[in-house]
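There are 2 protein chains.
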Amino acid sequence: MKQLDFFYFFGSGYAYLSVMRIDGMAKQSGVAVRWRPFNVRTVMAENNIALSTQAAKVKYMWRDVERRAATHGVPYVRAPFWPTDPDLLANRVAMVAAEEGWCEAYSVASFRAWYLEGMELGSRAHLEHVLSPLGQHIDDVIAKADGRLAHERLKAETDAARSYGIFGSPAFVVDGETFWGDDRLEEALAWAAGRHDLQTLNHDG
Amino acid sequence: MKQLDFFYFFGSGYAYLSVMRIDGMAKQSGVAVRWRPFNVRTVMAENNIALSTQAAKVKYMWRDVERRAATHGVPYVRAPFWPTDPDLLANRVAMVAAEEGWCEAYSVASFRAWYLEGMELGSRAHLEHVLSPLGQHIDDVIAKADGRLAHERLKAETDAARSYGIFGSPAFVVDGETFWGDDRLEEALAWAAGRHDLQTLNHDG
Numbered sequence: 001m002k003q004l005d006f007f008y009f010f011g012s013g014y015a016y017l018s019v020m021r022i023d024g025m026a027k028q029s030g031v032a033v034r035w036r037p038f039n040v041r042t043v044m045a046e047n048n049i050a051l052s053t054q055a056a057k058v059k060y061m062w063r064d065v066e067r068r069a070a071t072h073g074v075p076y077v078r079a080p081f082w083p084t085d086p087d088l089l090a091n092r093v094a095m096v097a098a099e100e101g102w103c104e105a106y107s108v109a110s111f112r113a114w115y116l117e118g119m120e121l122g123s124r125a126h127l128e129h130v131l132s133p134l135g136q137h138i139d140d141v142i143a144k145a146d147g148r149l150a151h152e153r154l155k156a157e158t159d160a161a162r163s164y165g166i167f168g169s170p171a172f173v174v175d176g177e178t179f180w181g182d183d184r185l186e187e188a189l190a191w192a193a194g195r196h197d198l199q200t201l202n203h204d205g
Numbered sequence: 001m002k003q004l005d006f007f008y009f010f011g012s013g014y015a016y017l018s019v020m021r022i023d024g025m026a027k028q029s030g031v032a033v034r035w036r037p038f039n040v041r042t043v044m045a046e047n048n049i050a051l052s053t054q055a056a057k058v059k060y061m062w063r064d065v066e067r068r069a070a071t072h073g074v075p076y077v078r079a080p081f082w083p084t085d086p087d088l089l090a091n092r093v094a095m096v097a098a099e100e101g102w103c104e105a106y107s108v109a110s111f112r113a114w115y116l117e118g119m120e121l122g123s124r125a126h127l128e129h130v131l132s133p134l135g136q137h138i139d140d141v142i143a144k145a146d147g148r149l150a151h152e153r154l155k156a157e158t159d160a161a162r163s164y165g166i167f168g169s170p171a172f173v174v175d176g177e178t179f180w181g182d183d184r185l186e187e188a189l190a191w192a193a194g195r196h197d198l199q200t201l202n203h204d205g
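The listed protein sequences correspond, in order, to chains D and H.
By the UniProt record's numbering, the letter at position 91 of the first sequence is numbered 91, and the numbering carries on one by one without gaps.
By the UniProt record's numbering, the letter at position 68 of the second sequence is numbered 68, and the numbering carries on one by one without gaps.
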């Protein structure tokens with residue numbers, strides 16, 4: 001089965017759309033997804049594209065997410081708290097979850113709580129709300145998320161994202177081919193399935 | 001007939017895709033297009049998103065344009081000279097063309113020459129190649145493009161783009177609703193035709 005690496009950040013507005021869409025779409029395409037949260041703040045700073053100084057772009061982003069959610073039938077209430085997860089706790093909990101095999105369930109629950117229930121990512125309320133139904137004990141998880149292993153994994157995954165030329169979230173990598181943005185999810189899956197028009201053209205030519 | 005304002009820049013890689021696609025798609029949707037070149041360099045600088053310092057993003061852009069050209073059946077040979085049109089001459093000629101009613105034909109011919117024939121936008125060779133078939137005399141046109149009116153129009157169109165919250169090229173505006181990027185052209189046309197899902201949702205609710 002073809003594999004797609006899904007790179008995303010807890011706190012990225014557009015990642016919400018992919019978190020909500022990717023499982024069903026990948027199954028339909030027969031593609032296996034590896035959920036790989038990474039620290040997009042680092043690579044955005046390195047590329048001089050931190051959003052905080054781009055007022056017009058930020059304003060546009062939330063309206064665009066609202067429109068795209070409607071287009072894709074993804075639930076939407078309002079623009080969420082942003083920026084959020086100041087000390088990356090929600091992202092470091094994701095490292096624990098990835099290590100232990102419950103990253104996808106944690107990610108979907110987290111983004112839903114953030115977008116649909118107005119919670120701040122990484123807050124006590126958010127983590128309690130999300131972790132309990134997953135059978136995880138909040139204090140144990142936070143202890144691990146504060147540990148060396150979680151910090152190292154987040155750095156390693158961010159290095160991996162950078163090595164694929166990724167500069168924003170979400171992004172998708174298939175056989176070393178990088179696609180940036182939720183609006184490229186369809187193309188990334190087509191690439192994985194070998195039915196992207198560029199592949200076809202190259203094959204014909 | 002509904003109107004869509006098409007804001008783009010001579011020298012914007014992604015604008016090529018829209019320049020090549022918009023006429024046929026708009027006709028199919030029954031939407032009238034107003035071609036409005038503007039100075040994206042100004043608004044990108046204002047928003048701290050000048051591409052020149054974003055190596056990973058620039059590298060990604062050309063590969064993405066190549067893939068998207070294949071997806072849309074738009075001809076593609078290689079990434080064009082870039083950056084190009086250093087003193088905005090190709091863009092200022094567009095102001096003359098817009099004033100005189102031949103902006104669309106000039107734009108399509110310019111982008112084709114830039115992408116498909118390897119010409120530098122605004123170079124003597126480029127302008128000769130593009131203007132002659134349009135029945136325009138190069139020296140007359142350059143004289144007007146260097147004049148006060150062309151400079152003022154470019155500034156006014158850039159002000160208009162900024163007032164719509166535009167921070168990049170290409171962008172589309174319909175009834176004050178702004179869409180950024182060639183990948184939003186379908187949505188902008190759907191909006192113009194009143195069949196965007198967000199409009200439908202609002203109407204139902």
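Virtual Cβ for every residue (Gly too), placed ideally from N, Cα, C.
All values reported here derive from a predicted model rather than from experimental measurement.
Test: residue i CB closer than 8 Å to a CB of chain D
i: Gly165 (chain H); result: yes
i: Thr42 (chain H); result: no
i: Asp87 (chain H); result: no
i: Asp204 (chain H); result: Note on Asp204 (chain H): pLDDT 48, under 50, position unreliable in the model; the coordinate value appears next. Chain D, which has no Cβ nearer than 8 Å to the Cβ of Asp204 (chain H), makes this no.
i: Glu99 (chain H); result: no
i: Asp197 (chain H); result: yes
i: Ala15 (chain H); result: no
i: Glu157 (chain H); result: no
i: Glu66 (chain H); result: yes
i: Asn48 (chain H); result: yes
Distance CB(residue i)-CB(residue j) smaller than 8 Å
i: Ala94 (chain D); j: Pro170 (chain D); result: no
i: Phe111 (chain D); j: Val19 (chain D); result: yes
i: Ala150 (chain H); j: Arg92 (chain H); result: yes
i: Trp35 (chain D); j: Ser107 (chain D); result: yes
i: Ala69 (chain H); j: Leu189 (chain H); result: no
i: Asn48 (chain D); j: Gln54 (chain H); result: yes
i: residue 206 (chain H); j: His137 (chain H); result: Residue 206 (chain H) lies beyond the range of chain H shown here (1 to 205); nothing can be said about it.
i: His129 (chain D); j: Arg67 (chain H); result: no
i: Asp85 (chain D); j: Phe6 (chain D); result: no
i: Ala192 (chain H); j: Ser29 (chain H); result: yes
i: Val74 (chain D); j: Val141 (chain D); result: no
i: Leu116 (chain D); j: Val77 (chain D); result: yes
i: Thr14 (chain D); j: Val58 (chain D); result: The residue asked about is misnamed: residue 14 (chain D) is Tyr in this sequence, not Thr. Their beta carbons are not under 8 Å apart, which means Tyr14 (chain D) does not touch Val58 (chain D) by this criterion.
i: Asp182 (chain D); j: Asp183 (chain H); result: no
Any chain H beta carbon closer than 8 Å to residue i
i: Asn39 (chain D); result: no
i: Trp180 (chain D); result: yes
i: His201 (chain D); result: The sequence given here places Leu at residue 201 (chain D); His does not occur at that position. With 8 Å as the cut-off, Leu201 (chain D) counts as an interface residue toward chain H.
i: Leu189 (chain D); result: no
i: Asp183 (chain D); result: yes
Which listed residue (the options) has its alpha carbon closest to that of residue i
i: Cys103 (chain D); options: D:Met1, D:Tyr8, D:Phe172; result: D:Tyr8
i: Ala156 (chain H); options: H:Thr42, H:Leu4, H:Met25, H:Val19; result: H:Thr42
i: Tyr16 (chain D); options: D:Met61, D:Gly176, D:Arg153, D:Ala145; result: D:Met61
i: Ala105 (chain D); options: D:Glu117, D:Asp139, D:Leu134; result: D:Leu134
i: His72 (chain H); options: H:Met119, H:Ala193, H:Glu186; result: H:Glu186
i: Val31 (chain H); options: H:Lys57, H:Phe172, H:Asp182, H:Trp180; result: H:Phe172
i: Glu99 (chain H); options: H:Leu4, H:Arg184, H:Val74, H:Ala145; result: H:Ala145
i: Ala161 (chain D); options: D:Gln199, D:Gly13, D:Gly176; result: D:Gly176
i: Gly101 (chain D); options: D:Ala79, D:Val33, D:Arg124; result: D:Val33
i: Trp180 (chain H); options: D:Ser123, D:Ala56, D:Gly118; result: D:Ala56
i: residue 208 (chain D); options: H:Arg63, H:Pro83, H:Gly147, H:Ala113; result: The structure shown does not extend to residue 208 (chain D), since chain D is modelled only from 1 to 205, so the question has no answer here.
i: Thr158 (chain H); options: H:Leu88, H:Gly118, H:Ala109; result: H:Leu88
i: Gly118 (chain D); options: D:Ala79, D:Gln3, D:Ser12; result: D:Ala79
i: Ala50 (chain D); options: D:Arg124, D:Pro83, D:Ser163, D:Tyr164; result: D:Pro83
Cβ of residue i within 8 Å of any chain A Cβ
i: His151 (chain H); result: In summary, chain A is missing from the structure at hand, where the protein chains are D and H.
Checklist entry - If contact means a Cβ-Cβ distance below 9 Å, which residues of the stretch 50-63 of chain D contact chain H? => result Ala50, Thr53, Gln54, Ala55, Ala56, Lys57, Lys59, Tyr60, Arg63
Checklist entry - Of all the residues that make up the stretch 68-88 of chain D, which are near chain H by a beta-carbon distance shorter than 7 Å? => result From the stretch 68-88 of chain D, only Ala70, Thr71 have a Cβ closer than 7 Å to chain H.
Item to check | Three or more C-beta pairs below 8 Å linking the stretch 41-55 of chain D and the stretch 162-178 of chain D | outcome: yes
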